[in-house]
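In case it helps, the working numbering puts the sequence shown at residues 810 to 1026. In this text, a Cβ means the ideal position worked out from N, Cα and C, and glycines have one as well. These notes are about the structure you will find just below.
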Amino acid sequence: MGKKGFSSVTKKLIMAVSGAGLTLFLLFHGAMNLVAIFSEDGYRWICEFLGGNWYAVVGTIILAILMVIHVVYAFILSLQNYRARGRRRYAVNERPEDVSWASKNMLVIGLIVLYGLAFHLYDFWSKMQLQELRGNEPVDGIEQIKFIFSHNYFSIMYLIWIVAIWFHLSHGIASVMQSIGWSNIKWKRRFERLGTFFATIIMLMFASVVIYYWLIV
810 MGKKGFSSVT KKLIMAVSGA GLTLFLLFHG AMNLVAIFSE DGYRWICEFL
860 GGNWYAVVGT IILAILMVIH VVYAFILSLQ NYRARGRRRY AVNERPEDVS
910 WASKNMLVIG LIVLYGLAFH LYDFWSKMQL QELRGNEPVD GIEQIKFIFS
960 HNYFSIMYLI WIVAIWFHLS HGIASVMQSI GWSNIKWKRR FERLGTFFAT
1010 IIMLMFASVV IYYWLIV
């Protein structure tokens, strides 16, 4: 660090660490949601176990901090890259074969993810944990899932959001490995495949709940 603040490498490392934390949360959240398919009472128990309890509140605060850090540094790095290209950004783009579509559109994908996150917080968090913190009776988690995904519009919107997260994760996981120095020419493709596999598993957890309560129940 100097007068100009963090270096680009440090910023990417901060992005990687915050992104890794959010990815682990998605894994936990996806597994928690999956319970709703197999046991409605089990899902209700999980909601009650978490709810407005102190450990859940602490976890929510940590997640909020990680999200803010991740978003802020995403915009900082995007702006930095935009300025660094200078006049070259007006030239005809030649896309290198080893650069994925997701990599070139991470900011746009990230904006879609944020848009979906706002809806998700309104549909569930504001009517469950937030209500408990206010001393009000929260909605029943299962009934809220049934209500939201009984509407075609919301179901399709959530699936689009899930696809956007999939693109973000599939590229992001490989980027984390590169930012922390674990990737190289030999392991780059392996980490990309691992990232795609891991992102697919997580997103299938979320998508299966949407599809189950939208088209099956």
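Measure how close the beta-carbons of residue i and residue j come, nearest whole angstrom, since I'm counting them as under 8 Å.
i, j, result
"Ile921", "Ala973", "4 Å"
"Phe1031", "Met876", "Nothing in the structure corresponds to residue 1031, since the chain is present only between 810 and 1026."
"Phe976", "Ile918", "5 Å"
"Ile982", "Thr832", "7 Å"
"Ile971", "Phe1015", "5 Å"
"Tyr1021", "Ile874", "In fact, because the Cβ distance is near 32 Å, the residues do not count as touching under 8 Å."
"Ile855", "Val844", "6 Å"
"Val1019", "Ser984", "Not confirmed; about 27 Å, so no contact."
"Tyr852", "Ile951", "6 Å"
"Leu978", "Gly1004", "7 Å"
By the three-class DSSP mapping on this structure, what secondary structure does residue i have?
i, result
"Val844", "helix"
"Val948", "coil"
"Gly1029", "This structure gives no information on residue 1029, because the portion of the chain shown stretches from 810 to 1026."
"Asn881", "Per the sequence shown, the amino acid found at residue 881 is Val instead of Asn. Helix at Val881."
"Val818", "helix"
"Asn914", "coil"
"Met824", "helix"
"Ser959", "coil"
"Arg943", "coil"
"Val1026", "coil"
"Met966", "helix"
"Phe1007", "helix"
"Phe933", "coil"
"Tyr899", "Confidence at Tyr899 is low in this model, with a pLDDT of 47, below 50, so the placement of that residue should be treated as unreliable; the coordinate-derived value is given next. It is helical."
Count the other C-beta atoms from every protein chain shown that fall within 10 angstroms of the C-beta of residue i, then say buried if there are 16 or more, exposed otherwise.
i, result
"His879", "buried"
"Ala840", "exposed"
"Ile871", "exposed"
"His960", "exposed"
"Ile994", "exposed"
"Glu857", "exposed"
"Phe958", "buried"
"Ser848", "exposed"
"Val931", "For clarity, residue 931 is Tyr in the given sequence; the question names Val instead. Exposed, by the Cβ-count rule."
"Ser816", "exposed"
"Leu962", "Residue identity check: residue 962 is Tyr in the sequence provided, not Leu. By the neighbour-count rule (16 or more Cβ atoms within 10 Å), Tyr962 is not buried but exposed."
If we count Cβ pairs, one from each stretch, closer than 8 Å, do we get three or more for the stretch 884-892 versus the stretch 813-829? Flag = yes, the stretch 884-892 and the stretch 813-829 touch.
Cβ pair count under 8 Å reaching 3, the stretch 853-868 against the stretch 924-939: Enough Cβ pairs lie closer than 8 Å, so yes.
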